[in-house]
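Visitor: One structure follows; several queries about it will come next.
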Amino acid sequence: LGEDVYSLIFFSPVCSFAFLFASYMIALKITLFTFLALDLYAQSGGKFDEKSELIRATQFFLIPVAIAMQEDLIHVYTRVANIKYDPKIMETSPSATEMKFALSFILRFVDGLYSLVI
C-alpha cells in the first residue's frame with residue numbers, strides 16, 4: 102500500500118485521529134467533486150450532445166489513455182490483482198481488518214473514478 106490517506110484508513114484504529122483525518126480528507130474531496138459535477142451539469146443544462154462527431158470519436162479513443170493516466174484507478178487495478186488480505190497483518194497492526202482493507206480500495210477506486218469523470 103502507498104503512503105496516503107487510504108493507507109491510514111486501513112491501518113489506523115477507527116476512532117483514532119489518523120482515521121478521522123483520513124476520512125475527513127476523503128469526504129472533503131468527494132464533496133468538492135460532487136459540487137463540481139453538479140455545477141458542470143447545471144451549466145450544460147443537462148445536454149452534452151453539442152460536440153461534433155470528430156470530437157466524440159477522439160474522446161472515445163482517448164478513454165484508455167485517461168484511465169492509464171489516472172493513478173488511483175491503476176493503483177486499485179494492480180493491487181486488487183496482486184494483493185490478498187493476510188490475517189497475519191493484524192500481528193503488526195491490530196486495526197488492519199479485512200473490511201478496512203476493502204474499504205481503502207473502494208474509496209481509492211471511487212476517488213479515481215470521480216477524478217476521471219470530472
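Residues are numbered in this note's numbering as their position in the sequence shown, beginning at 1, plus a constant of 101.
For glycine and all other residues, C-beta sits at the position ideal for the given N, C-alpha and C.
None of these values were measured; they are calculated from a predicted model.
With the cut-off set at 8 Å, would you say Phe112 and Ala197 are in Cβ contact?
Guide: Closer than 8 Å, so yes.
Visitor: For Ile219, tell me which candidate among Leu133, Leu129, Phe120 and Val115 has the shortest Cα-Cα distance.
Guide: Measuring from the Cα of Ile219, the nearest candidate turns out to be Leu133.
Visitor: Got a sec: does the ligand MN put a non-hydrogen atom nearer than 7 Å to the Cβ of Leu174?
Guide: Looking for the ligand MN in the displayed structure turns up nothing, as the structure carries no ligands at all.
Visitor: Could you give the residue range of the alpha helix (DSSP H) that holds Glu199?
Guide: It spans Glu199 to Val218 - the alpha helix (DSSP H) in which Glu199 sits, taken as one unbroken run.
Visitor: Compare the Cα-Cα distances from Lys189 to each of Ala119, Val106, Glu199 and Ala182 and report the closest residue.
Guide: Checked all of Ala119, Val106, Glu199 and Ala182; the closest Cα to Lys189 is Glu199.
Visitor: Quick check: the Cα distance between Leu155 and Ile175, rounded to an integer number of angstroms?
Guide: Distance between the alpha carbons of Leu155 and Ile175: 28 Å.
Visitor: Suppose contacts are defined by Cβ-Cβ distances below 8 Å. Is Gln71 in contact with Gly213 by that definition?
Guide: This structure cannot speak to residue 71, because the chain is shown only from 102 to 219.
Visitor: Would you kindly report the start and end of the unbroken alpha helix (DSSP H) that includes Tyr186?
Guide: First-last for Tyr186: undefined, no H or E at that position.
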